[in-house]
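Asks: Would you mind keeping the following structure in view while I ask a few things?
Chains as they are written, first to last, in this note's numbering: chain A, 1 to 306; chain B, 1001 to 1303.
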């Protein structure tokens, strides 16, 4: 396992480098620059600002400057949030998204996996149909519409939860639910399919005929194997959830990473775009490595290579 | 030996030519028996009809302002079944016009995903080896760039408007199809009938087009059916960020996100277009589920 971690860490370097380079190019190929929105600035001022951030230099030189700083762990400066470094912004914004995303992940797993399992075990019954109807409903709603519905019902009509801001645990309730809705539904559908497939296996019949109780068969034999495909999607899902969702953070006015990311892209705040993208890519690699380690616990047959 | 192979190949061709319509007929019969999938088909047909109607003339256009009365931000009523927006435009009419954009976006994205995904996946799956691992690492990297980053930047690069949105959605939607096609081809290419066709001297392109892809078409169709609803949802998210169609053009996504602004006071403005998005996306998801079961050879045997 140690070897795996070392190899993945080494592999992560070229991947992050490619992601950084692609994002760098993509952001600069697209027309427009960080100071376009500032109206009526005299050209001298604009050229001074650009010179300050080395944006008047050729792209290759900007690239080398960025890469040199990146190697030292410096993600650069923001052009829009004046006097703030990208590291500084991310240090404030990432914990917020991390908390919200982890809570949403827990809700999604806690709702989705049991729902899917029950549906599979009770296949073809009303329980199954209701569970599948609910989970298909869950993946069919745009995030901001789900947010709007929750705000209207729980925030404005029933008044049980605050509708915005990031102050107390109660404030996390509605945003976490909004964020968890579609992953929960997706996990329920996936779990059902996966459990159904495992239930058909010969060794499940063997386990039953051995006299194990249905509950033991389900937990020890079925679920353990059915969790393998679920673990596969949990990797990317974790990375997506904890790096923040623009929609949820915008709807509930939460100062998380998702909002900074989208505003950075729209403003061409180059370093901030690169910083958030790199964090996402790094977390994705980390989560996928964790998933690979979890595999070996779920299914000892899986050998860890590269 | 060669005649043997030829025989096998002819048999296979024979089976293929009769099995293909057979498969689809069978799938259709199975699909029609699943109530949710059957209802979904009708709803989708209705939405397509709605989109087609929008090209013919309807009495009021989505750009018409009702100046006769104080028709701004009306609640639903007989003259405006879904109310009016902040400029006094009839919401139902705008939703009918919006269906044209939303449905086209869904289908065109699926088409783009199909073309790019099939070509990319075929090359990876057919050649295997180094080309395959290189192309698959490419997909890994494409996945590690956030979708919204690519969509926004491509959208801006191509130009804001319909084309930009279509290209942007297409470019983030093909990876799943590519992986699927590759996996199918890797599995199929060692089958005997492929060997037979190869021995007959068929070229690579012919082999992929005539023998490999037709045998993989079931899962591809299912995957594309799920691409349509996710494209419709992504478009609504883009609209919400403010990078959707520019007004006065409209799609269900732009209508719903415009409605967000008056959520507290006039929630019908977000509820009505959202209901159409929801119903359509739900239908495509149910249709995809139904198709997956109907086209799955394993469930075919067990009935």
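Beta carbons are placed, not taken as given, at the ideal position from N, Cα and C, and that holds for glycine.
As the structure is a computational prediction, the values presented were derived from the model and not from experiment.
1) If the criterion is Cβ atoms closer than 9 Å, does the pair residue 1238 of chain B and residue 1178 of chain B meet it?
2) Quick check: what's the CA-CA separation for residue 279 of chain A versus residue 1055 of chain B?
3) Under a Cβ-count criterion, where at least 16 other Cβ atoms within 10 Å of its own Cβ denotes burial, should residue 1025 of chain B be classed as buried or exposed?
4) With a CB to CB cut of under 6 Å and the five nearest residues on each side skipped, what residues in its chain are close to residue 1150 of chain B?
5) Report the rounded CA-to-CA distance for residue 1269 of chain B versus residue 241 of chain A, giving the unit in angstroms.
6) Which of the residues in the stretch 1163 to 1197 of chain B, read from start to end, lie with their CB under 9 Å from any CB of chain A?
7) Give the range of the alpha helix (DSSP H) segment to which residue 1329 of chain B is assigned.
8) If we cut at 9 Å on Cβ distances, does residue 1144 of chain B have a partner in chain A?
9) I'd like to know whether the C-beta of residue 1229 of chain B is nearer than 9 Å to at least one C-beta of chain A.
10) Just the chain B side, please: which residues come within less than 8 Å of residue 23 of chain A by C-beta, in chain order?
11) From what residue to what residue does the alpha helix (DSSP H) around residue 143 of chain A run?
12) Kindly say whether residue 131 of chain A, judged by its beta-carbon, lies nearer than 9 Å to any beta-carbon of chain B.
13) Comparing C-alpha positions only, which one of B/1118, B/1278, B/1113, B/1253 sits nearest to residue 1214 of chain B?
14) Going by CA-CA distance only, name the one from A/85, A/13, A/195 that's closest to residue 269 of chain A.
15) Which parts of the stretch 1136 to 1177 of chain B are runs of the alpha helix (DSSP H), unbroken and 4 residues or longer, counting only runs that do not cross its ends?
16) Alpha carbons only, please: which of A/251, A/61, A/286, A/125 is nearest the one belonging to residue 1262 of chain B?
17) So residue 32 of chain A contacts chain B; which residues on that side make the cut at Cβ distance below 8 Å?
18) When you compare the CB positions of residue 272 of chain A and residue 50 of chain A, do they come within less than 9 Å of one another, or not?
19) For residue 169 of chain A, is the classification buried or exposed, using 16 other Cβ atoms within 10 angstroms of its Cβ as the cut-off for buried?
20) Would you check if the stretch 1149 to 1165 of chain B and the stretch 1198 to 1209 of chain B touch, i.e. whether three or more CB-CB distances between them fall below 8 Å?
21) Curious, which full-length alpha helix (DSSP H) runs of at least 4 residues does the stretch 62 to 141 of chain A contain?
22) What residues match up with residue 36 of chain A in a beta bridge as DSSP calls it?
23) What are the residues of the stretch 152 to 166 of chain A that lie near chain B, defined by any Cβ-Cβ distance shorter than 9 Å?
24) Could you pull out every residue in the same chain whose Cβ sits closer than 6 Å to the Cβ of residue 955 of chain B, ignoring the five residues on either side in sequence?
25) Thinking C-beta only, is residue 1265 of chain B closer than 9 Å to residue 1043 of chain B?
26) For chain A, check one thing: does any of its Cβ atoms lie closer than 9 Å to the Cβ of residue 1126 of chain B?
27) Among residues of its own chain, excluding the 5 on either side of residue 147 of chain A, which ones have a beta-carbon nearer than 6 Å to its beta-carbon?
Replies: Concretely, from the data shown:
1) As a working note, residue 1238 of chain B is residue 238 in the second chain. As a working note, residue 1178 of chain B is residue 178 in the second chain. Cβ distance not < 9 Å, so residue 1238 of chain B and residue 1178 of chain B don't count as in contact.
2) As a first step, residue 279 of chain A must be located in the first chain, where it is residue number 279. As a first step, residue 1055 of chain B must be located in the second chain, where it is residue number 55. For residue 279 of chain A and residue 1055 of chain B, the distance between alpha carbons rounds to 46 Å.
3) Translated into the one-based positions of the second chain, residue 1025 of chain B becomes position 25. Exposed.
4) Counting from one through the second chain, the residue named residue 1150 of chain B turns up at place 150. Closer than 6 Å at the Cβ level, and outside the excluded window around residue 1150 of chain B, lie 1172.
5) The sequence position of residue 1269 of chain B within the second chain is 269, counting from 1. The sequence position of residue 241 of chain A within the first chain is 241, counting from 1. Approximately 29 Å between the Cα atoms of the pair.
6) none
7) For chain B, the structure presents residues 1001 to 1303; residue 1329 of chain B sits outside this window and is missing.
8) Start at 1 with the first residue of the second chain, and residue 1144 of chain B comes out as number 144. Closer than 9 Å: yes.
9) Mapped onto the second chain, residue 1229 of chain B falls at position 229. Closer than 9 Å to some Cβ of chain A, the Cβ of residue 1229 of chain B qualifies, so yes.
10) Here residue 23 of chain A refers to the residue found at position 23 of the first chain. Those are 1145, 1149, listed as they occur along chain B.
11) Stepping through the first chain from its first residue, residue 143 of chain A is reached at position 143. 143 to 150 is the extent of the alpha helix (DSSP H) around residue 143 of chain A.
12) By one-based count along the first chain, residue 131 of chain A stands at place 131. Taking Cβ atoms only, chain B never reaches closer than 9 Å to residue 131 of chain A, which makes this a no.
13) In the second chain, residue 1214 of chain B corresponds to position 214, counting from 1. Of the listed residues, the one whose Cα sits closest to residue 1214 of chain B is B/1118.
14) Taking the first chain and counting its residues from 1, one reaches residue 269 of chain A at position 269. Of the listed residues, the one whose Cα sits closest to residue 269 of chain A is A/85.
15) 1147 to 1158
16) Along the second chain, one-based indexing puts residue 1262 of chain B at 262. Among A/251, A/61, A/286, A/125, the Cα nearest to that of residue 1262 of chain B belongs to A/251.
17) Locating residue 32 of chain A in the first chain gives position 32, where the first residue counts as 1. Those are 1156, listed as they occur along chain B.
18) Residue numbering aside, residue 272 of chain A sits at position 272 when the first chain is read from its first letter. Residue numbering aside, residue 50 of chain A sits at position 50 when the first chain is read from its first letter. For residue 272 of chain A and residue 50 of chain A, no; Cβs fall outside 9 Å.
19) Translated into positions along the first chain, residue 169 of chain A becomes position 169. Residue 169 of chain A comes out exposed.
20) no
21) 86 to 121, 126 to 138
22) Sequence index remark: in the first chain, residue 36 of chain A carries index 36 (1-based). BP columns for residue 36 of chain A are empty, so no partner.
23) 152, 156
24) Outside the displayed range of chain B (1001 to 1303) lies residue 955 of chain B, so it cannot be described from this structure.
25) Reading the second chain from its first residue, position 43 is the one you call residue 1043 of chain B. Reading the second chain from its first residue, position 265 is the one you call residue 1265 of chain B. Result no, Cβ atoms of residue 1043 of chain B and residue 1265 of chain B do not sit closer than 9 Å.
26) Taking the first residue of the second chain as 1, we reach residue 1126 of chain B at position 126. Answer no: the Cβ-Cβ gap between residue 1126 of chain B and chain A never drops below 9 Å.
27) Reading the first chain from its first residue, position 147 is the one you call residue 147 of chain A. Excluding residues within five positions, the ones whose Cβ falls inside 6 Å are 178, 251.
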